[in-house]
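Visitor:
Residue numbers (my numbering): 8 to 316.
(1) Looking at C-alpha atoms only, which residue of 303, 304, 138 is the closest neighbour of residue 41?
(2) For residue 131, collect the residues of the same chain with a Cβ closer than 8 angstroms to its Cβ; drop the 5 residues on either side in sequence, then sort them by chain order.
(3) Taking the straight line between their C-alpha atoms, what separation do you get for residue 151 and residue 114?
(4) Determine the DSSP secondary structure at residue 42, reduced to helix, strand or coil.
(5) Among 220, 225, 216, 232, whose alpha-carbon lies nearest the alpha-carbon of residue 204?
(6) So, are the CB atoms of residue 271 and residue 208 less than 7 angstroms apart?
(7) Can we say the region 169-178 touches the region 58-78, given the rule of at least three CB pairs closer than 8 angstroms?
(8) Please report the Cβ distance between residue 123 and residue 59, rounded to the nearest whole angstrom; I am assuming they are in contact, meaning their Cβ atoms lie under 8 angstroms.
(9) With a 10 Å radius around its C-beta and 16 neighbouring C-beta atoms as the bar for buried, classify residue 246 as buried or exposed.
(10) DSSP three-state call for residue 128: helix, strand or coil?
(11) For residue 265, which residues of its own chain have a beta-carbon under 6 angstroms away from its beta-carbon, when the five flanking residues on both sides are left out?
(12) How is the beta strand (DSSP E) around residue 282 delimited, first residue to last?
(13) Just mark residue 191 as buried or exposed, buried being the case when its beta carbon has 16 or more other beta carbons within 10 Å.
(14) Starting from the N-terminal side, write out each stretch of the alpha helix (DSSP H) that is 4 residues or longer and does not extend beyond the region 157-233.
(15) Would you call the CB atoms of residue 78 and residue 46 closer than 7 angstroms?
(16) Going by alpha carbons, who is nearest to residue 134 out of 116, 300, 110?
(17) Give a yes or no on whether the C-beta atoms belonging to residue 287 and residue 250 are separated by under 7 angstroms.
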């Protein structure tokens, strides 16, 4: 049976991506795939030491006409505080190299040359995803300038991916909310991202149950567009999810089941939630992207909701 909001829940698409950017297949989607929401999204894995990407050629850099956020997290679901490797990125017309070995977020303001990214060392696959705040991928590729070793003009663009006020830098969501919520989660807002107009979170999930207890399980809306990405953690299969989750959408909380890596598109003002994890064969990841610099939840009159049986 065709559901009213089926068009808002879509499988993620694996593609080669723009020429010269990444050598491996990745999830790659833009506004055409995301209900017209002006975002470029990519998700994949860095698996080998010595790999260069974004761009692939070590003597080149790329520049975008929009802000971009590059995220690097470990694939070990038992401890998201570990990156399990060392990454470098070069930033600037006369590039400066920045090296990090902890989960990190790199903010690239529009018009800033950057790249390549290099995997210096690796113990386990590293998850790398990105958001570009444009309707489609656009880039200018140029030859790099002479590397500058000292000034560190762009050091403020490299952020540790932690929640500073939280225990151990992460939030243990299923200790606070419902049993199906994230084992560990982190988030960043626009203020932390040098004014880039998004709020996003990353979490890993391994338990069944509702994600939020009352009253936080109430359906809600946002005064902005939101994208919810359900992703797998298997570096050898972008199409493996590992679980079964359910989300309610619309005035009648139409139920949608996600069993493959997918995006749930939540246009501004649409009612959605609660969310329930029904099955976990392997831990999975979940990314929430809000096109607003802070999280704003508008709770609505509680509706009767019976999760799928």
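A virtual CB, placed ideally from N, CA and C, is assigned to each residue, including glycine.
Guide: Reading it off the structure:
(1) 138
(2) 81, 82, 83, 91, 92
(3) 19 angstroms
(4) For residue 42, the secondary structure class from DSSP, reduced to helix, strand or coil, is coil.
(5) 232
(6) Taking 7 angstroms as the Cβ cut-off, residue 271 and residue 208 do not qualify as a contacting pair.
(7) no
(8) 4 angstroms
(9) exposed
(10) strand
(11) 237, 252
(12) 279-287
(13) buried
(14) 180-183
(15) no
(16) 110
(17) yes
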